[in-house]
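Chains as they are written, first to last, in my numbering: chain C, 1 to 143; chain R, 144 to 1052.
One structure below.
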């Protein structure tokens, strides 16, 4: 088949959406990444009183585990598909969506999650008896 | 089917379009009332106060479900007809790519509920979108936005998806609107469910979160896939296959369709598993088990609010959510701060539905007694409240009655091991099981409390409420006035201070420690007979169940004003999370924790566990620098005992706040302990114990009895008759324990008959088999007195050694040098021992003699050593300073005994 004028035009018209798709997708991805870096979306803080004592406590954006050894703060976001872990069975943190289980250090006990829970940065203010947690500060952790 | 009727049914695609139009129209109607920045609140207000809005929402929901089902059926129908080759490839391609748009429209509608379940689903969706290679992050942001803002989802649901679906529908069907016939077919199909199945909202986080019904199969699949990317690839592969189907050769096309059919079937199976067989934590459960979470649908009553005036009232917010309960139940008082309605609302404890003002719907699924263990995981025991405590209580012996069941089954010869873990709730229907079910099983925390009212002598069970429910005078008055039929204005409190009545009811049975503690010993009198006594009523007490008790020495701790909870803390009563075979193993406190000369272990507040810290703070005992006493076992700290500036323990009574300074052991005690290193404090300081020395338990198959577990009458009744019920000094024996160091230690302590019993064992169709059981048990009778028993009361007392009551004298006339015992009761033919005996007089015990594997009577050698001292005490005064030295080195001293000493033969050979 020879590429006559009308055939070429038709081919270009048909190929245009496919040709435009790649830059459109790149633009979409760049827009999303940039939005994530905006200062409006930067870290928020959660302040909780220390006097709550030892045990496992669940907040919207953090799990605080205090014990005789000290304090640890974990992200409540399950590393499987991001559900919020909202309850414990004994000392095990249980995801309500697909049943993943973690111990009080955030280590995976039972899948389907394959990675440990992310610890969050926090600051212990003994004088004010509060714990300041930096949300969205998931630290990298060896699974 | 009738061909004419078949032709009247519009095509599935047309019906799907009709459902879509209904969906679109109702969606437009919902725009003014739905707020994407407060989605749950706006939908809750619809349910609470806007029946028309609720109906439109319900219609929108059911039209959407009909649209999805009809669309899928339409696709299947055309695949079966091989229609993929009847349309242009471009049209087919657009149709295939619209399938995820349809699912996206459905899922976005689900997400727009904005409740806890849908927010979890939103997070899962975002994560799965980010798994798409190269463009995942962008897709996630584009389609779902960020954070909990649902505006992006709303926009795509209302505009993008609607437009795409409509345009593609026009593209392949050449129709803008459905036929009137299709509308007439779909309208009844969605109107009826919209009227009678109103979609509800999830008002709290659940221990299992389930997505929309059409995606539960995917949720189940994701449970099994450690790499969720596989699910994304599977879905993508399915979509690609569907898209290129027309271009495949016929044979391959057929195989692909068969593959799709198999995949669809597997998906249906996964969906059924996910819906019916998954419970808390996505664990497998019986489909008949109680469903987690709130009801998914409300009935027609959701549109009916009987009292129009209620709708005009503002629905208060509690913890950021509407609480419809408080519209009717306003101004409720009586709570401690932590449980006030402005903090918790009502539904957090009592369940039900806070998103409706219809009384019957609001109360559906409600629990009158949130503390009942059958519901506690949803009430007191949720993650944000007392989650870890509820787990402990489930396992505690106060709930399982493990030791009671183990001993009972052992006695009935249904079990050979006394240390097996049992749970009373799991009893079946063997003779021992029915014995327990009809006589004992009411006394466990798992028994539900079904009626409102304070805890009293007759109360049984109730979970957390069994201990922590407190009715003050105002609450009692309210209960009397309302008869328990209406919610009170003055609510009973949930208190950290447990009233004495909470313990009394159950613990006035079995070992009778509650009654003994207060100085009451049970008689076998009936009320009429007791009233003829000249001492009535001063020396007697009538319990609610008709039993008559007479006065006996009370425990010294009771006389000082101490209640049960002043000694016994949560780690014992609510359990420590570990299974224990018997009650003694679960006890963590000891006399020495309070009555100590020096060196009491103690910890600072910061070193204590969270629960102890909270309770200390609630009791306002947290003074900076204060050190709280820790039990000798090191496992628990006392919330009400600390060291003063001089290091002396100070005990604060929990009810009265009175402060006591426990006395250290006396010098005599310290001196005597050195000669009796194994002696328990109770061995000397127990004044008496209730002891049944003759019982008969029979089974009457013709009578009926109440089964406490099933809550109904059952055929066959176990009857227990006691004939001799004594209240005097108990026997002594030996218990072995494992010290914190791991070493086995022996203690001499008090024992009473577990049973001296004739038992009629059912024997199938034959006549009952009569068996005899004589087993003693270590017992803390809670009858401690300040002044200890004297030496002769053990060393020259047949009952203390386990021989039973009677006369025991040391014969020294002539050449005699022997103990002689004349029992007070006749001998039993079954084992040759007298009625009330534990072991034979100066005999090595044989066979099983106790209800514990770690407890025993005195061996013959021990009996002889005890009676050797007793022999000496016939002539010598126990306080002679030389005596201690002689006894502790008797092997040496026996060679230098005075000729006047008439020690028993065995002591000198």
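Even for Gly, the Cβ is constructed at its ideal location relative to N, Cα and C.
Between the stretch 89–100 of chain C and chain R, which residues of the former have a C-beta closer than 7 angstroms to a C-beta of the latter?
89, 90, 94, 96, 97, 98 and 99
Residue 102 (chain C) versus chain R: which residues are under 9 angstroms apart at the beta carbon?
Neighbours of residue 102 (chain C) on chain R: none; closest Cβ ~12 angstroms, over 9 angstroms.
Tell me whether residue 41 (chain C) is buried or exposed, calling it buried when 16 or more other Cβ atoms sit within 10 Å of its Cβ.
Caution applies to residue 41 (chain C), whose pLDDT of 49 falls short of 50 and renders its modelled position unreliable; the model cannot decide the point.
Is there a Cβ from chain R that is less than 8 angstroms from the Cβ of residue 86 (chain C)?
yes
Which first and last residues belong to the beta strand (DSSP E) in which residue 806 (chain R) is found?
It is not in any beta strand (DSSP E) - residue 806 (chain R) carries neither H nor E in the DSSP assignment.
Does residue 356 (chain R) come within less than 8 angstroms of chain B when only Cβ atoms are used?
Structure shown: chain B not included; protein chains present are C and R.
Check the Cβ-Cβ distances between residue 81 (chain C) and every residue of chain R, and say whether any is below 8 angstroms.
yes
Let me know the secondary structure DSSP gives residue 951 (chain R) once reduced to three states.
strand
Specify the secondary structure class of residue 690 (chain R) as computed by DSSP and reduced to three states.
Residue 690 (chain R): coil per DSSP, three-state reduction.
Is residue 655 (chain R) near the ligand SAM - that is, is its Cβ less than 7 angstroms away from at least one heavy atom of it?
Questions concerning the ligand SAM fall outside what the structure shown contains, since it holds no ligand whatsoever.
Would you please verify whether the beta carbon of residue 269 (chain R) is less than 8 angstroms from any beta carbon of chain C?
Closer than 8 angstroms to some Cβ of chain C, the Cβ of residue 269 (chain R) qualifies, so yes.
CA-CA distance, residue 676 (chain R) and residue 688 (chain R)?
A direct Cα-Cα distance of roughly 20 angstroms separates residue 676 (chain R) from residue 688 (chain R).
Cα-Cα separation, residue 1030 (chain R) to residue 819 (chain R)
11 angstroms
Cβ of residue 920 (chain R) within 8 angstroms of Cβ of residue 971 (chain R)?
no
Could you check whether the stretch 297–307 of chain R touches the stretch 399–419 of chain R, counting it as contact only if at least three pairs of C-beta atoms, one from each stretch, sit closer than 8 angstroms?
no
Report yes or no: do three or more beta-carbon pairs, one from the stretch 816–836 of chain R and one from the stretch 893–913 of chain R, lie closer than 8 angstroms?
yes
Output, in chain order, the set of chain C residues within a Cβ distance shorter than 8 angstroms of residue 368 (chain R).
112
Should residue 187 (chain R) go down as buried or exposed, given a rule of 16 or more other Cβ atoms within 10 Å for buried?
buried
Given that a residue counts as buried once 16 or more other Cβ atoms are within 10 Å of its Cβ, and exposed if not, what is residue 515 (chain R)?
buried
Let me confirm a value: residue 1025 (chain R) is counted as buried when at least 16 other C-beta atoms fall within 10 Å, else exposed. Which label applies?
exposed
Counting contacts by CB-CB distance shorter than 8 angstroms, is residue 133 (chain C) in contact with chain R?
no
In three-state terms, what does DSSP make of residue 23 (chain C)?
helix
For the alpha helix (DSSP H) containing residue 728 (chain R), name the first residue and the last one.
726–729
Would you check if the distance between the CB atom of residue 861 (chain R) and the CB atom of residue 582 (chain R) is smaller than 8 angstroms?
yes
Tell me, to the nearest whole angstrom, how far the beta carbon of residue 382 (chain R) is from that of residue 242 (chain R); I am working on the premise that it is less than 8 angstroms.
Sure, about 7 angstroms apart at Cβ, within 8 angstroms.
What are the partner residues of residue 906 (chain R), as DSSP defines its beta bridges?
R:909
What residue range is occupied by the uninterrupted beta strand (DSSP E) comprising residue 865 (chain R)?
Counting along the chain, the beta strand (DSSP E) containing residue 865 (chain R) begins and ends at 855–871.
Alpha-carbon spacing of residue 882 (chain R) relative to residue 95 (chain C), whole angstroms:
39 angstroms
Please classify residue 406 (chain R) as buried or exposed, where buried requires at least 16 neighbouring CB atoms within 10 angstroms.
exposed
So, using beta-carbon positions, are residue 499 (chain R) and residue 490 (chain R) closer together than 8 angstroms?
no
How many angstroms separate the CA atom of residue 637 (chain R) from the CA atom of residue 674 (chain R)?
39 angstroms
Give me the chain R residues within the contact set of residue 66 (chain C), using Cβ-Cβ distance strictly less than 7 angstroms, ordered along the chain.
Taking the beta carbon of residue 66 (chain C) as reference, the chain R residues within 7 angstroms of it are 753, listed in sequence order.
For the stretch 516–527 of chain R, which residues have a beta carbon sitting closer than 8 angstroms to at least one beta carbon of chain C?
525, 526 and 527
Among the residues of its own chain, which have a CB less than 7 angstroms from the CB of residue 798 (chain R), if the five just before and after it don't count?
640 and 706
Going along chain R, which residues have a C-beta under 8 angstroms from residue 25 (chain C)?
277, 278 and 281
Paired residues, beta bridge with residue 833 (chain R) - DSSP
Answer is R:870.
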